[in-house]
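The structure under discussion appears below in the form of structure tokens.
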Amino acid sequence: MFIIISKELIQLDKSICPRFEKAMGLLSQRWTGMIIYQLLSGPQRFCTIESSIGVSGRVLSERLKDLENEGIVKREVFPETPVRIEYSLTDKGQALKPLMNSIEDWSQNWL
Numbered sequence: 001m002f003i004i005i006s007k008e009l010i011q012l013d014k015s016i017c018p019r020f021e022k023a024m025g026l027l028s029q030r031w032t033g034m035i036i037y038q039l040l041s042g043p044q045r046f047c048t049i050e051s052s053i054g055v056s057g058r059v060l061s062e063r064l065k066d067l068e069n070e071g072i073v074k075r076e077v078f079p080e081t082p083v084r085i086e087y088s089l090t091d092k093g094q095a096l097k098p099l100m101n102s103i104e105d106w107s108q109n110w111l
């Protein structure tokens, strides 16, 4: 909330938006951004993600579960022999593409 007092804009509420805080908390978890970025290229199996970004299987499993619970990643099981499992981004996950592209551009320019 903002008020104007004698031509000055004063912010009354200095708290961070809870949704923004939640988003930053989720995306700032180690490996989460890399997993999302990797899945932007399409559905992938666990072992492909693991070897592509160099994350441990235990951490990858935890992050994929977190992302699945948030509705960002979809886990699809194919009833084959052996069973095949693929991970992909949901529409909610695909909505992160512009953000990931912006971070990629920023890193190319500044890092």
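Just so we're aligned: the sequence shown equals residues 1 to 111 in UniProt numbering. C-beta atoms are modelled at their ideal positions from N, C-alpha and C, and glycine is treated no differently. Small disclaimer: the values here were computed from a predicted structure and weren't measured.
Look at the alpha carbon of residue i and the alpha carbon of residue j, and state the distance between them as a whole number of angstroms.
i: Phe20; j: Ile36; result: 18 Å
i: Thr32; j: Leu60; result: 9 Å
i: Leu39; j: Val77; result: 16 Å
i: Lys22; j: Met100; result: 17 Å
Put residue i into one of helix, strand or coil per three-state DSSP.
i: Gln29; result: coil
i: Leu99; result: helix
Taking the beta carbon of residue i as the centre, do at least 16 other beta carbons fall within 10 Å, making it buried, or is it exposed?
i: Leu111; result: exposed
i: Val55; result: buried
i: Gly93; result: buried
For residue i, which residues in the same chain have their Cβ closer than 7 Å to its Cβ, ignoring the five residues on either side in sequence?
i: Glu62; result: none
Against chain C, does residue i count as a neighbour if the rule is that its beta carbon must be under 7 Å from one of theirs?
i: Leu27; result: Looking for chain C here will not work: only one protein chain is present.
* Report yes or no: do three or more beta-carbon pairs, one from the segment 41-51 and one from the segment 85-92, lie closer than 8 Å? => Contact holds: three or more Cβ-Cβ distances are below 8 Å.
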